[in-house]
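A short worksheet on the structure shown next.
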């Protein structure tokens, strides 16, 4: 019987994995731990590996996995920037992801966050808690239908985001290295990110993270924003230089930001730190800012998405073990 080691498992995922195991006659051993140098020995004796990895898999782990006979890692997310694809390939390890588990979930959360920003909900909520029920210009919102929305990255998620904003009557522009004709009549492509954001009231990021776009959204880029624009990032934290974002907000280069990701979230998410001190001073500034809506990487988090991620990771693992390759291979 095939045996699969499953890392990063939450309690809600266990019944789904157990049902899959019965249907496929596979043995699954589950742990809530992620893969690190401290936990890698748990891999011994297993045929396949599926992870929900939130921290980097360091280069020294790939030779160890090869030594244990592991030929694949199935990441249970769309993002896979926690892996060194070259190091994995050098050690004969195929990396797969789950490219489409519920793009609608993330798209709806994106638009929800944008609406909260443009309708000044964080400030309204703060004032209400202070018993300030007055109407003043600082809480006056704007209508989406009068806005221009820039969608940066028009893959599965960006596609749905563009459709929803178009449904509100907004002018939707965008940028992607590979434009999609499915968005004809919905989105107007621009030749560069800078061109797309120049006149945008809402900038929504839906790109994977690579070395080439690390901190693409830095202070120089924020200088190109309209001063009343808002930025929404449901993609990867590394796209934004967080310190530069905080400074840009303080300097009035943009009006607000909605972040479901943070570039150094590995030690923080998804962990209950109630009553504990957070040492990351930049992250604490994010949480304290009246101009930022932060959530802990939950844009995807719906019933449908959780089920699809569990099954997608396990299906990819079994596919590699049975065929030597996978349709969702990324290296």
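Numbering (the working numbering), first residue to last: 1333 to 1663. Note that the Cβ used here is the ideal one computed from N, Cα and C, for glycine as well.
Residue interval of the alpha helix (DSSP H) (run including residue i)
i: residue 1442; result: 1435-1450
i: residue 1576; result: 1574-1582
i: residue 1348; result: 1346-1356
i: residue 1361; result: From DSSP, residue 1361 is part of no alpha helix (DSSP H) but of the beta strand (DSSP E) over 1359-1362.
i: residue 1650; result: 1635-1655
i: residue 1303; result: No answer is possible for residue 1303: it lies beyond the span of the chain, which begins at 1333 and ends at 1663.
Start-to-end residues for the beta strand (DSSP E) that takes in residue i
i: residue 1626; result: 1624-1626
i: residue 1338; result: 1335-1338
i: residue 1491; result: From DSSP, residue 1491 is part of no beta strand (DSSP E) but of the alpha helix (DSSP H) over 1488-1499.
i: residue 1482; result: 1480-1484
i: residue 1618; result: Element bounds for residue 1618: not the beta strand (DSSP E) but the alpha helix (DSSP H), 1613-1620.
i: residue 1503; result: 1503-1507
i: residue 1382; result: 1380-1383
Between the CA atoms of residue j and residue i - distance to the nearest angstrom
i: residue 1363; j: residue 1633; result: 20 Å
i: residue 1411; j: residue 1589; result: 21 Å
i: residue 1623; j: residue 1495; result: 26 Å
i: residue 1598; j: residue 1407; result: 15 Å
i: residue 1497; j: residue 1520; result: 13 Å
i: residue 1595; j: residue 1571; result: 8 Å
i: residue 1413; j: residue 1393; result: 16 Å
i: residue 1529; j: residue 1377; result: 51 Å
i: residue 1603; j: residue 1344; result: 15 Å
i: residue 1434; j: residue 1491; result: 12 Å
i: residue 1432; j: residue 1506; result: 20 Å
i: residue 1389; j: residue 1405; result: 11 Å
i: residue 1358; j: residue 1395; result: 26 Å
i: residue 1342; j: residue 1353; result: 16 Å
i: residue 1504; j: residue 1480; result: 6 Å
i: residue 1339; j: residue 1382; result: 6 Å
i: residue 1348; j: residue 1518; result: 37 Å
i: residue 1654; j: residue 1438; result: 32 Å
i: residue 1641; j: residue 1648; result: 11 Å
i: residue 1361; j: residue 1650; result: 14 Å
i: residue 1477; j: residue 1356; result: 49 Å
i: residue 1545; j: residue 1466; result: 43 Å
i: residue 1613; j: residue 1578; result: 12 Å
i: residue 1557; j: residue 1533; result: 8 Å
i: residue 1540; j: residue 1399; result: 30 Å
i: residue 1568; j: residue 1493; result: 16 Å
i: residue 1555; j: residue 1346; result: 47 Å
i: residue 1415; j: residue 1575; result: 25 Å
i: residue 1468; j: residue 1453; result: 13 Å
Residue burial classification, residue i (beta-carbon count within 10 angstroms, cutoff 16)
i: residue 1619; result: exposed
i: residue 1573; result: buried
i: residue 1475; result: exposed
i: residue 1351; result: exposed
i: residue 1510; result: exposed
i: residue 1508; result: buried
i: residue 1610; result: exposed
i: residue 1644; result: buried
i: residue 1464; result: exposed
i: residue 1664; result: Residue 1664 is absent from the structure shown; the chain starts at 1333 and stops at 1663.
i: residue 1629; result: buried
i: residue 1605; result: exposed
i: residue 1409; result: buried
i: residue 1401; result: exposed
i: residue 1542; result: exposed
Rounded distance between the beta-carbons of residue j and residue i, thought under 8 Å
i: residue 1625; j: residue 1447; result: Not quite, the Cβ-Cβ distance comes to about 11 Å (not below 8 Å), so this is no contact.
i: residue 1662; j: residue 1429; result: 5 Å
i: residue 1337; j: residue 1375; result: 6 Å
i: residue 1562; j: residue 1586; result: 7 Å
i: residue 1536; j: residue 1482; result: 7 Å
i: residue 1417; j: residue 1427; result: 6 Å
i: residue 1538; j: residue 1566; result: 7 Å
i: residue 1442; j: residue 1564; result: 6 Å
Taking only runs that begin and end inside the region 1400-1435, name each unbroken alpha helix (DSSP H) of 4 or more residues, in chain order.
Segments of the alpha helix (DSSP H) lying fully in the region 1400-1435: 1417-1422.
At 4 residues or longer, and completely inside the region 1516-1592: list those alpha helix (DSSP H) runs for me, N to C.
Correct list: 1525-1529, 1551-1554 and 1574-1582.
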